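Presented below is the structure to which this report refers.
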Amino acid sequence: MEDIKTNYSRRSFLKSSALAGGGLMISFSALAKFGLDDKVSGLELPDQWYELTGYIKITPDNIIKIFNPNPEFGQNVMTSLPMIVTEELDADWKQVVVEMGQHDSVKLGPQFTGGSNSMRMYWKPLREAGAAARNMLMQAAAQTWSVPVEEVTTKAGMLYHEKSGKSGTYGSFASKASSIPIPKGVKLKDVKNFKVVRSSKKNVEGLKIVTGKPLFGLDYKVEGMLIAMIEHPPAFGMKLRSFDASEALKMPGIKDVFSQKLYEDGFEQGGFDTRTFNDLLVVVGNTTWEVMKARKKLKVEWEPAGDTKNTMSGKREVVVPGELESTSAQLEKMKEYASKPAQQLRKDGDPETAFKNAAKIIERTYNAPFLAHNCMEPMNFFAHVTNEKAIVAGPLQAPGWSEPTLSKLLNLPADKIEIQMTRMGGGFGLRAYGHYIYEAALISKKVKAPVKLIYTREDDMTYGIYRPMYTATYRAALDANKNLIAFHVKGGGIPENAVHANRFPAGAIDNYLAEGWQIPSNITIGAFRAPRSNFAAAAEQSFLDEVAEAMGKDPIDFRLELLKRAKENPVGKNNDYNADRYAEVLKLVKEKSGWNSLENKKYSRGVAAYFCHNSYAAHVVDLIMRDGQPYVERVTSAVDCGIVINPDAAINMIQGAVVDGIGNALYGGLTHKNGVAEQNNFHRYRMIRFHEAPKKIDVHFVQNDIDPTGLGEPPFPPVFGAVANALYKNTGNRFYEQPFILQLNKISKA
Amino acid sequence: MITLNINNKNYNVDVDPETPLLWVLRDTLGLVGTKYGCGIAQCGACTVHLNGQAVRSCVTRVSSVAGRKVVTIEGLSEKGEHPLQKAWIELDVPQCGYCQGGQIMSAAVLIRENKNPTEKDIDNAMAGNICRCGTYLRIRKAIQLAAEIQRKGG
Chain A
1 MEDIKTNYSR RSFLKSSALA GGGLMISFSA LAKFGLDDKV SGLELPDQWY
51 ELTGYIKITP DNIIKIFNPN PEFGQNVMTS LPMIVTEELD ADWKQVVVEM
101 GQHDSVKLGP QFTGGSNSMR MYWKPLREAG AAARNMLMQA AAQTWSVPVE
151 EVTTKAGMLY HEKSGKSGTY GSFASKASSI PIPKGVKLKD VKNFKVVRSS
201 KKNVEGLKIV TGKPLFGLDY KVEGMLIAMI EHPPAFGMKL RSFDASEALK
251 MPGIKDVFSQ KLYEDGFEQG GFDTRTFNDL LVVVGNTTWE VMKARKKLKV
301 EWEPAGDTKN TMSGKREVVV PGELESTSAQ LEKMKEYASK PAQQLRKDGD
351 PETAFKNAAK IIERTYNAPF LAHNCMEPMN FFAHVTNEKA IVAGPLQAPG
401 WSEPTLSKLL NLPADKIEIQ MTRMGGGFGL RAYGHYIYEA ALISKKVKAP
451 VKLIYTREDD MTYGIYRPMY TATYRAALDA NKNLIAFHVK GGGIPENAVH
501 ANRFPAGAID NYLAEGWQIP SNITIGAFRA PRSNFAAAAE QSFLDEVAEA
551 MGKDPIDFRL ELLKRAKENP VGKNNDYNAD RYAEVLKLVK EKSGWNSLEN
601 KKYSRGVAAY FCHNSYAAHV VDLIMRDGQP YVERVTSAVD CGIVINPDAA
651 INMIQGAVVD GIGNALYGGL THKNGVAEQN NFHRYRMIRF HEAPKKIDVH
701 FVQNDIDPTG LGEPPFPPVF GAVANALYKN TGNRFYEQPF ILQLNKISKA
Chain B
751 MITLNINNKN YNVDVDPETP LLWVLRDTLG LVGTKYGCGI AQCGACTVHL
801 NGQAVRSCVT RVSSVAGRKV VTIEGLSEKG EHPLQKAWIE LDVPQCGYCQ
851 GGQIMSAAVL IRENKNPTEK DIDNAMAGNI CRCGTYLRIR KAIQLAAEIQ
901 RKGG
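Structural data, given as structure tokens:
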């Protein structure tokens, strides 16, 4: 079996310069390729190498300022990425000050948060930058002390020459170091000697967060800034017909009401330029409340938009159907499509014959609804656009992907567009899409003033760009001896399917077939924490549990047997996982959860494991039923993400993914009637709440020295399957429909 | 003109009396630690103290606040040394951090009134605050730690 290759920078370079007022600045650049393994179908993701840049500054008074190059949305890169630099620099973490790097509109490609890629992209370039800076400081000290550089040592931001007893701070040699050429081929630390990386460091913005300092996009403010809101159509498939703003314009503080087209016809959209509603009705005023109030005075007529066309990059035209869709009809349509022939994605052996000869066939269909991202900070962005330049600031995951579109929309060259990245109040994939940034920029251009565009919660939840609606039918063929002889997955969705043809259990079963289909829709979708995997894992991991039971096997042992087969005698090619690492998280979770121990019998236990976004995760959830309501009380998690940079923060993120997974599995879901979202705020969209979250989530890492991979996504998908399997243990019913609470309520009533 | 007492400081604001306190804090006074999350008292991100009780500022009319004491996350302590703030940092609770001010404000009333809250007490006090990142487990532990710090006089 082939290991998964991580796409590290194949070339990186460093540049040094003197700081004004003395000191050293190292700029580092690296080319990195985005290994987005979960591509969103229908969108063309750029597949190229990007330049990524950051800085280290050391001042004469020994303050070490490290820029975090990547947007922060709670994954803690503000802390963990600078830790990597600090490690190789051999600096004292206490002396390090972290600053959010801004988007460099001239030099940089995407400083991209998504796909669990931050660690993978930056691990090597950040280590190299830190190590080069350390080496230059050592050379500066050696020259000053007239000693061989080999005799200079470092420790916690200090330079030493043992023989002569000389020592000095990094700061005192920083200016001199700035004149030393960047060394080539500096040796990196042995990972066994790490002092900063692999030890838990607290969030560098923790104090600011708990004292309410302005950090987020919604907090961004400049003098004379106006507030803008957008009235979008009440239903997918509708557009603006006419409006009467006379009453709204009379409201206090209102500056302007106007309609605005987001993209002109034929505008070539980038891969993440989702167009949900193109005709915008904009209200601009002095304060948020005044604008909110004035919106209620608008008299607007909407009309069906009919079929529309999107022009994607490469002038590819995509027709968006105009139908006003309803969930019930969508489910019927999915059933109809599921019975039609689909696109074959992978085939091993002779699955048709194997199914024909099977002693037993297990066939199950799984469904999941649209999910809204529901970032706690609703979409918003600041823009100040003039004829000469544009400044935009706010929460976004992919500045480099928004910049070319901003440039085209505003008719300004990229170097006249300044993108500032604020801390994000969540992202979960949604903030990779630039619509609200473009809207803010166009509004600012129109009203010729600095503007903050704010989506209300209702605007945010009903705008679109959801996790798609998915379905999949799994079939397993058993022979007379209850051996698994064939496996078939046929998945579909609106508007994409979630079939990963080359993932486990592909490679472990002789006869295997994967097929996919999709139905176009005007309800827009986008990346949602572990795109596609979040459904694939839920369905597949429930199904495997059921197959194991039919075979009379323990669900963990059954998976381990399949993984053993995949390792020793893999079926087919391109199997997209490392069977050893996959098995390891299962073994670890089995051990740490006390899988078979008697004392855990009071809980209904469910297990699931998954590999996506280059890391491996397995969970055992312990569920109980109280007053007819399911509660996951405890969870044991095992994760392999290679080297764990900041262990406590990594545990926090895994715990969060577990809670998020339980919440979405049990309660999450967005339904539509004639194009109108039936949930528009938290009174109708059920979010997991405090008392519904587990009281204990024990996280265990597989200890190895493999280069780090990401954590934002991988622990999330298997939670769904583990919850479904625990619910089965408790109720005796298998759960095929998300959110599970609806199915549970039906069972309780029956 | 409405006179407000916020974090022990008086402000005169000239706003529509219907304006929710949230937007007066954020837009008029620049106190942005109080967050907008839902506007309908469902998420708790906008929680402040009104005469010592936790309220959702997004549904609290500014006119109803005149003559009463408002405390926001900025005014909970001078330097972030409230036991809850210490505990939040000690246990590194936040992920994105957006909801945490509101979480702390809800918890502050709990541990002021109840020096030794049970799991159930914590559940009840925190039921109105959503954390999308799922830090509930750490919030629970941090409340317990803060109560302990408080009992020891911290």
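Chains as they are written, first to last, in the working numbering: chain A, 1 to 750; chain B, 751 to 904.
For every residue, glycine included, the Cβ atom is placed at its ideal position computed from N, Cα and C.
All values reported here derive from a predicted model rather than from experimental measurement.
Between residue i and residue j, how many whole angstroms is the CB-CB distance? I'm expecting something under 8 Å.
{"i": "Q420 (chain A)", "j": "F73 (chain A)", "result": "Between F73 (chain A) and Q420 (chain A) the Cβ distance is about 15 Å, and since that is not below 8 Å, they are no contact."}
{"i": "P468 (chain A)", "j": "I494 (chain A)", "result": "6 Å"}
{"i": "I893 (chain B)", "j": "I872 (chain B)", "result": "5 Å"}
{"i": "R346 (chain A)", "j": "A514 (chain A)", "result": "4 Å"}
{"i": "I56 (chain A)", "j": "I84 (chain A)", "result": "The Cβ separation is near 11 Å, so there is no contact."}
{"i": "Y631 (chain A)", "j": "I624 (chain A)", "result": "6 Å"}
{"i": "S262 (chain A)", "j": "N278 (chain A)", "result": "Here residue 262 (chain A) turns out to be Leu, not Ser, going by the sequence shown. At roughly 5 Å, the Cβ-Cβ gap stays under 8 Å, so L262 (chain A) and N278 (chain A) are in contact."}
{"i": "E268 (chain A)", "j": "K315 (chain A)", "result": "6 Å"}
{"i": "P739 (chain A)", "j": "A665 (chain A)", "result": "7 Å"}
{"i": "I839 (chain B)", "j": "L207 (chain A)", "result": "6 Å"}
{"i": "R120 (chain A)", "j": "N534 (chain A)", "result": "Not confirmed; about 20 Å, so no contact."}
{"i": "W401 (chain A)", "j": "G434 (chain A)", "result": "7 Å"}
Assign residue i to one of three DSSP states: helix, strand, or coil.
{"i": "G904 (chain B)", "result": "coil"}
{"i": "C808 (chain B)", "result": "helix"}
{"i": "Q344 (chain A)", "result": "strand"}
{"i": "L207 (chain A)", "result": "helix"}
{"i": "K65 (chain A)", "result": "strand"}
{"i": "F73 (chain A)", "result": "coil"}
{"i": "M119 (chain A)", "result": "helix"}
{"i": "R467 (chain A)", "result": "strand"}
{"i": "D459 (chain A)", "result": "helix"}
{"i": "I229 (chain A)", "result": "Sequence inspection shows Met at residue 229 (chain A); the Ile mentioned does not correspond to that position. In this structure, M229 (chain A) counts as strand in the three-state DSSP scheme."}
{"i": "N646 (chain A)", "result": "coil"}
{"i": "A832 (chain B)", "result": "Looking at the sequence provided, one finds His at residue 832 (chain B) rather than Ala. Residue state, collapsed to three classes: coil."}
Apply the 10 Å Cβ neighbour rule to residue i and answer buried if 16 or more other Cβ atoms are within range, or exposed otherwise.
{"i": "L598 (chain A)", "result": "exposed"}
{"i": "N725 (chain A)", "result": "buried"}
{"i": "V283 (chain A)", "result": "buried"}
{"i": "M751 (chain B)", "result": "exposed"}
{"i": "H619 (chain A)", "result": "buried"}
{"i": "T353 (chain A)", "result": "exposed"}
{"i": "P148 (chain A)", "result": "exposed"}
{"i": "G675 (chain A)", "result": "buried"}
{"i": "R684 (chain A)", "result": "exposed"}
{"i": "E303 (chain A)", "result": "exposed"}
{"i": "V585 (chain A)", "result": "buried"}
{"i": "K201 (chain A)", "result": "buried"}
Can you name the start and end residues of the alpha helix (DSSP H) that residue i belongs to?
{"i": "S80 (chain A)", "result": "V77 to L89"}
{"i": "A579 (chain A)", "result": "A579 to S593"}
{"i": "D871 (chain B)", "result": "E869 to M876"}
{"i": "G394 (chain A)", "result": "No alpha helix (DSSP H) holds G394 (chain A); the beta strand (DSSP E) holding it covers A390 to G394."}
{"i": "P304 (chain A)", "result": "Note, P304 (chain A): premise wrong, no alpha helix (DSSP H); beta strand (DSSP E) at K299 to P304."}
{"i": "L560 (chain A)", "result": "P555 to E568"}
{"i": "N725 (chain A)", "result": "P717 to T731"}
{"i": "Q679 (chain A)", "result": "Element bounds for Q679 (chain A): n/a, residue is neither H nor E."}
{"i": "V191 (chain A)", "result": "Element bounds for V191 (chain A): n/a, residue is neither H nor E."}
{"i": "T353 (chain A)", "result": "P351 to K356"}
Could you give the first and the last residue of the continuous beta strand (DSSP E) run that contains residue i?
{"i": "F487 (chain A)", "result": "L484 to I494"}
{"i": "H161 (chain A)", "result": "M158 to H161"}
{"i": "V447 (chain A)", "result": "Not the beta strand (DSSP E): V447 (chain A) falls in the alpha helix (DSSP H), residues H435 to V447."}
{"i": "S167 (chain A)", "result": "K166 to T169"}
{"i": "K309 (chain A)", "result": "T308 to M312"}
Starting from residue i, follow its DSSP beta bridges and name the residues at the other end.
{"i": "L14 (chain A)", "result": "A:F28"}
{"i": "I697 (chain A)", "result": "A:V635"}
{"i": "Q420 (chain A)", "result": "A:A393"}
{"i": "Q541 (chain A)", "result": "Answer by DSSP bridge pairing: none, since Q541 (chain A) is not bridged."}
{"i": "T53 (chain A)", "result": "A:S29"}
{"i": "D415 (chain A)", "result": "In the DSSP output, where bridge partners are listed per residue, D415 (chain A) has none listed."}
{"i": "T153 (chain A)", "result": "A:Y160"}
Given the structure, does residue i come close to the ligand PLP, in the sense that its CB is under 7 Å from one of the ligand's heavy atoms?
{"i": "N864 (chain B)", "result": "Summarising the ligand content, the structure contains no ligands, and the ligand PLP is consequently not present."}
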